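One structure below.
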Amino acid sequence: MDRIREVFTCEDPVLFRQQLLQWISAFDVFAVLDSCGSDVYGPPAFDMLCGAGMASAISLEAGDAFQALESFAATGDWLFGHLNYDLKNETESLSSSHPDSIGFPDLFFFRPTILIRLQGHEISIESLTASPKQIMDTIVCLEPLSSYQPGAMQMHPVMPRSAYLNKVEAIRRHIINGDVYELNFCQEFLGKNARLEPVKVFDALCAADKAPMSVLHRNGDRYLISASPERFLMKQGNRLLSMPIKGTIRRGAGADDEELKEQLRQSIKDRAENVMITDLVRNDLTRFAKTGSIRVDELFGVYPFARVFQMISTISAELQDDAVPVQTIRQAFPMGSMTGAPKVKAMELIDRYEVSRRGLYSGAFGYFTPDADFDFNVVIRSVLYNQRSGVVSVQAGGAIVYDSDPVQEYEECLLKASSLFHVLRAELIQQ
């Protein structure tokens, strides 16, 4: 069935964004991709892209999930969805032994009934059912979101601080022994009996972080509320782009801000972390890129975000003529910045030392276009919420290398999670 498309204009895009969030919250399945007003990576392809309602969908666990996605993507329509980190068990001979606190399926993609794109003052609405004008009239009659007033919440680390510090030392011994060069080590913080308003949490998080790869996704009782700054993989035509992040430092005030930025730029440790993952991503791209086409467009770029500076490298390539888009994602997944190097050994050790299943955290969320282009983020800086159980999950981590200091690594986890705790008004109860 073809979509009916109409284009409208609005006088106040800020108000319309609020009304759009209010409208989409009524759907059981939806996705909102929001650049949050950020142009840190240049002009965004859209201010907001939304898929609402479910014309069709696939929901699978690791096994033959990527093959099923390839068939589903052959419909030649817009698709939104996610890839859990635990799909590593399909791409490699691995397993996941820890409990999952939220319960997202390993892979979920849906073909939306309604597609809405907001760019400046222009609004494009495409629908398989109702007329776009009827949808537009409904949205603009809604009130904007009221301010978010969260209740008191406590977040508890699943892994005690002392255990985290000891495990970092154990990982360093693996590095000394040559098992891995770098390992991304994460921990989970849980809140219970929560009653969140996910759309308002997302709106507050966008305002606070202005992260360019932000996502709000609902799948029944499960929500992803993400302020991700990181791009996993994008395809435009035959061009591929990946932007791994490795290297984090807090923002400062006044002249201190510029000093901290330069400190990150010159950090030997952060450069070592970043170049190892850049090489790993380059190696992943060789599986489906034209020979000689892989380029490091930027190495050790330092980008400003609301609370932190990030060191980001940019790698591009040309896709082989016979490459299948879904299989390129499969061959690069999961993002090297969330594993370590060598990739498979790092993932084995991650499951040994972490105590929570990552699930959607450190996986990817994104979309396919009818032309088989795609863009996926890395699910970091995110709140995962199960409305039925009342469980809230926040995970954070960082790269462990030979000269990592366990206490500094723990503090970096808290820094990365700080904006999430702040928006949730959550008190962290240390163990």
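Numbering (the numbering used here), first residue to last: 232 to 662.
Backbone N, C-alpha and C define an ideal beta-carbon position, used for all residues, glycine too.
From a predicted model like this one, the values you see are computed outputs, not experimental measurements.
Hey, would you say N408 sits closer than 9 Å to S593, going by beta carbons? no
Taking Cβ to Cβ, would you say K466 is nearer than 9 Å to M542? no
Taking 9 Å as the threshold (C-beta atoms), are V506 and S544 in contact? yes
Please classify Q662: does DSSP put it in a helix, a strand, or coil? coil
Measuring only the C-alpha atoms, how far is E357 from K574? 41 Å
If you run the structure through DSSP and keep just helix, strand and coil, what is E490? helix
For R589 versus Q626, is the C-beta distance shorter than 9 Å? yes
Could you check how far apart the C-beta atoms of E549 and K521 are, in whole angstroms? I think they sit under 8 Å. 4 Å
Could you check what DSSP says for M285 in three-state terms: helix, strand or coil? coil
Contiguous beta strand (DSSP E) assignments of at least 3 residues, all confined to the stretch 246-275: 260-265
Any idea what DSSP makes of H405, helix, strand or coil? helix
First and last residue of the uninterrupted beta strand (DSSP E) at Y379: No beta strand (DSSP E) holds Y379; DSSP gives it neither H nor E.
Residue environment, P556, which counts as buried when at least 16 other CB atoms sit within 10 Å: buried
Is DSSP giving M386 helix, strand or coil here? strand
Whether A458 touches C644 by CB criterion (9 Å): no
Run through DSSP, which three-state label would C372 get? coil
Residues near T240 in its chain [Cβ-Cβ closer than 8 Å; skip 5 each side]: H352, E353, I354
Can you tell me whether C417 is buried or exposed? The criterion is at least 16 other CB atoms within 10 Å of its CB, across all chains shown. buried
Please confirm if the stretch 524-541 is in contact with the stretch 494-514, defined as three or more CB-CB distances below 8 Å between the two stretches. yes
What would DSSP say about C241, mapped onto helix, strand or coil? coil
Taking the C-alpha atoms as reference points, what is the distance between R481 and R656? 20 Å
Grouping DSSP H, G and I as helix and E and B as strand, with all else coil, what is S358? strand
Within its chain, find whatever has a CB closer than 7 Å to the CB of P601; leave out the 5 residues flanking it on each side and keep chain order. G307, D308, W309
Continuous alpha helix (DSSP H) stretch holding L511: start and end: 499-516
Bridge partners of G597, per DSSP? G312, F607
Beta-bridge pairing of F339 - partner residues as DSSP gives them: S290, H313
Let me confirm a value: Q250 is counted as buried when at least 16 other C-beta atoms fall within 10 Å, else exposed. Which label applies? buried
What residue range does the alpha helix (DSSP H) around Q558 cover? 556-563
Mind checking G523: buried by the 16 CB within 10 Å criterion, or exposed? exposed
Enumerate, from N- to C-terminal direction, the unbroken alpha helix (DSSP H) stretches of 4 or more residues contained entirely within the stretch 425-449. 429-440
Are the beta-carbon atoms of M566 and L325 separated by less than 9 Å? no
Taking Cβ to Cβ, would you say S547 is nearer than 9 Å to R526? yes
Using three-state DSSP, classify G351 as helix, strand or coil. coil
Nearest neighbour of L464, chosen from M444, G483, I456 [CA to CA]: M444
Do L264 and M285 have their beta-carbon atoms positioned less than 9 Å apart in this structure? no
Relative to the C-alpha of A299, which candidate in F420, E321, D501, V632 has its C-alpha closest? E321
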